[in-house]
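Residue numbers (my numbering), protein chains in the order written: chain A, 255 to 546; chain B, 255 to 546; chain C, 255 to 546.
Encoded as structure tokens, the structure appears first; notes follow it.
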Amino acid sequence: MAVTPAAIAAAVDAVRARSPLVHCITNFVSMDLAANTLLAAGASPAMIHAAEEAAPFAAIAGALYVNIGTLDATWVASMEAAVASAKAAGVPWVLDPVGVGATPWRTAVAARLAASGPAAIRANPSEVLTLAAAVGAAAGAGGGGKGVDSTHGSDEAVAAAARLAAATGAVVVVTGATDYVVGPAAAAAAVGVTGGVPLLQKVTATGCSLSGLVAAFLAAAPATEEGRITAAAAACAMFAAAAEAAARGPDGGAPATPVGPGTLRVRLLDELHALGGADVAKVVRLSTVPRP
Amino acid sequence: MAVTPAAIAAAVDAVRARSPLVHCITNFVSMDLAANTLLAAGASPAMIHAAEEAAPFAAIAGALYVNIGTLDATWVASMEAAVASAKAAGVPWVLDPVGVGATPWRTAVAARLAASGPAAIRANPSEVLTLAAAVGAAAGAGGGGKGVDSTHGSDEAVAAAARLAAATGAVVVVTGATDYVVGPAAAAAAVGVTGGVPLLQKVTATGCSLSGLVAAFLAAAPATEEGRITAAAAACAMFAAAAEAAARGPDGGAPATPVGPGTLRVRLLDELHALGGADVAKVVRLSTVPRP
Amino acid sequence: MAVTPAAIAAAVDAVRARSPLVHCITNFVSMDLAANTLLAAGASPAMIHAAEEAAPFAAIAGALYVNIGTLDATWVASMEAAVASAKAAGVPWVLDPVGVGATPWRTAVAARLAASGPAAIRANPSEVLTLAAAVGAAAGAGGGGKGVDSTHGSDEAVAAAARLAAATGAVVVVTGATDYVVGPAAAAAAVGVTGGVPLLQKVTATGCSLSGLVAAFLAAAPATEEGRITAAAAACAMFAAAAEAAARGPDGGAPATPVGPGTLRVRLLDELHALGGADVAKVVRLSTVPRP
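Next up, the structure:
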């Protein structure tokens, strides 16, 4: 099960060709950037959370994206109704467990959602370590983290990601200098996607937006484990390629003044919009990491 | 009842001169861009939705703007209280029925609001087709649409817009490559405002922001049907002129790299801020379309 | 108790060195910009408002930031729980009373929060005048204002700010062409920080973002009155320096086309990210104003 540049190119082009409808129940901080990220990549986002419509809308979407960043009890009820509906309709859904570990209640919500059959989970390293512990998939004591920011590198979380995948059936994406994508199958290696720029960590909701992009890619991909892994890796590759191009500035060279976080956020959308599958395939840096 | 470039110039300048207070009850995705759009055009936005203050605040605003994008039952109650208060106080209000048709509940909410006396309704073509059917103003079966995105051109929705206007008493604005503005009077033609750039569809909340701008223009205009039509057409003309200038890039020429959606969103605000009435009048492309 | 450029430089550098966790319960309009402002200045923001976690999370944060812009009764309950928890844990908290005066209910909420021991209050002049009257700290009749925008200059509100500080124990920051920082001690002068650009008023949530920055600076400062005043003045100085640099455009000169509000918002974040303590100290314009 090798993820190839050609497969990534096809996945990027499939999102543009099909323009999947992505139902987002995401946090307030991320709504603007997540919607613009999805539009720039060719998908069609809709933010809908009301008790009266979360379930029926999830059933007709191409994919559902659930992000717990600014959750409260009302929103959690809608997330759970939407998830049940998506599953019943065969709609893939993605979980972003933002800030899991910040409070016991948040950890319990994230663990319950993780155990409800997501097609993929996208999180930072501290979140993966904490969530793996919360679902009983890790021997260790959890991941620390500071609020919603990670205090670990992605390398440190690959083993926990593999255990989380096995425990939940989800493809798990742990992002950092290298993003790692790992599926539930016991023998499978992890796929590494190296890229992006550290400055992304100074722009809020970039991780949330990548999670939404994973949902769009799942909507346009086969539901097999291989299909989901390729889709998730392609979303990471597209986002990384856009970030790198954005950081090079509008002229594509080394800008006289380094690009700051405000400009990076703007140009990230410009570059996402400009990228085709072949562009992403040309720059993607893939690796295979033995399952820890 | 001809809308002239001179009337449009006067409307743009009236908003800057009076800086109307616009009470917005709008969706989470659009709040940032809608507020910045209103500030750039010279208005004073305030986002207020609490049950305790939506009604009293609507009564003292220059206009009320209601957008159902991320509605839930609590927010709908506040919208209805604010609408009742605005009507009692003679404050004009604008409805943006985002995603009407996505679920039966959303359609019912939108239809109920549309029947509550908005001064104007601003929507994309699929939404106009669906809303016209929902209020019993159209013979057809509704508008389709995909989530919150339109699957129709504005040309296809002019007849439905005219029927929706007649049924609700609102001036209806249906936006697209040409924006059409049509009032309730049975014999009146529709006003066409051609402009803008297709890339606006890749920037979330631009339609929502234009709806807010229509509210600001209504606050600074006579409440007559002619006054409302001119105000709505002027808001469309200002937004289109700003988008076109934004797409030309900071040098005002054909940029070497086409402006992407991130940059377009930023420059749209720069250009809205820079435009005076005379600037808009110089580039506006008006047309008259016989009532279908 | 003189605030010096050297003290301001140290405060700016302390935020970057410690990267304090800032718990934000703020309005929907401001979440994106406030989070990005805090990240750009080196802090770690987290937006958390659920009844189940507002209190426990406030206790482990470096500072708490409460902003009433888009309040409703549920959020007010969370704000009050978080405030009580922060106080019990010795965590400083900042109040931004957005739009106080817009409705009687909002005024009552703001007054109750102001009387609950904030370490600092940051507001525009109309809000300071209104809030001082509401807590019984002013003889006058309140501040007017239009929705969330001020109708007064900061000079007009220094006396009210001093009375509000004395009545609440908070350091009060009233922002305008000159920002004034005044503590509760009866004999103390106010500190003036002159800077920024008027165009900031055309960018939504810049005031809210500065309030969040004050919270980050408090988290990295001594809890004494002098420490709080220096921290608040340093946050104002850093924000003003970034805004001035942003308005000069990417080349740092007088741009051919004046920077508009869309570009100002983007470049503000770039410049906040680039500024070190020495940079801020070099351009800060401090003054001392006798307590009115």
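Think of the CB as a built atom: it goes at the ideal place given N, C-alpha and C, for glycine as much as any other residue.
Extent of the continuous alpha helix (DSSP H) to which residue i belongs
| i | result |
| --- | --- |
| R376/A | Run containing R376/A: none in the alpha helix (DSSP H); it sits in the beta strand (DSSP E), A374 to A377. |
| D403/A | Careful: D403/A lies outside any alpha helix (DSSP H) and carries neither H nor E. |
| I279/A | From DSSP, I279/A is part of no alpha helix (DSSP H) but of the beta strand (DSSP E) over L275 to I279. |
| D524/A | P515 to A528 |
| A269/B | It should be pointed out that residue 269/B corresponds to Val in this sequence rather than to Ala. First-last of the alpha helix (DSSP H) with V269/B: P259 to R272. |
| V468/C | T460 to A473 |
| A441/A | From DSSP, A441/A is part of no alpha helix (DSSP H); its letter is neither H nor E. |
| L418/A | V412 to T422 |
| S370/B | Neither: S370/B is in no alpha helix (DSSP H) and is coded neither H nor E. |
| E334/B | A327 to A343 |
| G449/B | That residue, G449/B, is in no alpha helix (DSSP H); it is neither H nor E in DSSP. |
| S324/A | Note on residue identity: the sequence assigns Thr, not Ser, to residue 324/A. No alpha helix (DSSP H) holds T324/A; DSSP gives it neither H nor E. |
| D286/A | M285 to A295 |
| P310/A | A308 to I314 |
| F493/A | E479 to A501 |
Candidates the options, of which the one nearest residue i by Cα
| i | options | result |
| --- | --- | --- |
| A342/A | P372/A, V363/A, G530/A and D350/A | P372/A |
| A265/B | A499/B, I483/B and T542/B | I483/B |
| V269/B | R545/B, R539/B and G530/B | G530/B |
| A420/A | V363/A, G481/A and A440/A | A440/A |
| C278/C | V257/C, P259/C and E307/C | E307/C |
| A510/A | A510/C, A297/C and G506/C | G506/C |
| G503/A | T361/A, C490/A and L518/A | L518/A |
| T460/A | V534/A, S273/A and L287/A | L287/A |
| Y319/A | D326/A, H303/A, A327/A and T328/A | H303/A |
| E479/B | P310/B, R521/B, V435/B and T458/B | V435/B |
| M335/B | A305/B, T258/B and T357/B | Checking the sequence shown, residue 335/B turns out to be Ala, not Met. If we check each option's Cα against that of A335/B, A305/B comes out closest. |
| P358/A | M285/A, I262/A, R545/A and A387/A | A387/A |
| M285/C | A477/C, T258/C and C462/C | C462/C |
| G353/C | G466/C, W347/C, V337/C and P379/C | P379/C |
| R545/A | V520/A, G296/A, R417/A and A474/A | R417/A |
| D267/B | A473/B, L454/B, G516/B and A497/B | A473/B |
| G450/A | A489/A, E498/A, A487/A and G481/A | E498/A |
| G401/B | A261/A, P274/A and A485/A | P274/A |
| D533/C | A263/C, M301/C and A411/C | A263/C |
| A469/A | R272/A, G514/A, A256/A and L349/A | L349/A |
N-terminal and C-terminal residue of the beta strand (DSSP E) that residue i is part of
| i | result |
| --- | --- |
| R539/A | R539 to V543 |
| V435/C | T432 to V436 |
| L299/B | In the sequence under discussion, the amino acid at residue 299/B is Pro, which differs from the Leu named in the question. P299/B -> beta strand (DSSP E) spans S298 to M301. |
| L349/C | W347 to D350 |
| V427/C | V425 to V428 |
| V320/C | A317 to N321 |
Residue i burial status per 10 Å Cβ neighbour count (16 or more: buried)
| i | result |
| --- | --- |
| A501/A | buried |
| K536/A | exposed |
| A541/A | Checking the sequence shown, residue 541/A turns out to be Ser, not Ala. Looking at its Cβ environment, which holds fewer than 16 other Cβ atoms inside 10 Å, S541/A is exposed. |
| G399/B | buried |
| T361/C | buried |
| G390/C | exposed |
| P452/A | exposed |
| G355/B | buried |
| P476/A | exposed |
| G344/C | exposed |
| T458/C | buried |
| P414/A | In the sequence as displayed, the identity of residue 414/A is Ala instead of Pro. Buried, since its Cβ has 16 or more Cβ neighbours within 10 Å. |
| T384/A | buried |
| T280/C | buried |
| A261/A | buried |
| A487/B | buried |
Supposed contact pair residue j and residue i - C-beta distance, whole angstroms, cut 8 Å
| i | j | result |
| --- | --- | --- |
| L543/C | A443/C | Here residue 543/C is Val; the residue named in the question, Leu, does not match the sequence. Confirmed, about 6 Å. |
| A365/B | S339/B | Rounded, the Cβ-Cβ distance is 21 Å, inconsistent with contact. |
| T291/C | L526/C | 6 Å |
| T448/A | T429/A | Actually they are not in contact, since the Cβ atoms of T448/A and T429/A sit about 11 Å apart, beyond 8 Å. |
| A315/C | V276/C | 7 Å |
| L523/A | A294/A | 5 Å |
Legend entry - Meets three-Cβ-pair contact criterion under 8 Å: the stretch 477-495 of chain A and the stretch 325-337 of chain C: no
Legend entry - Given 8 Å, three or more beta-carbon pairs between the stretch 414-432 of chain B and the stretch 371-388 of chain B: yes
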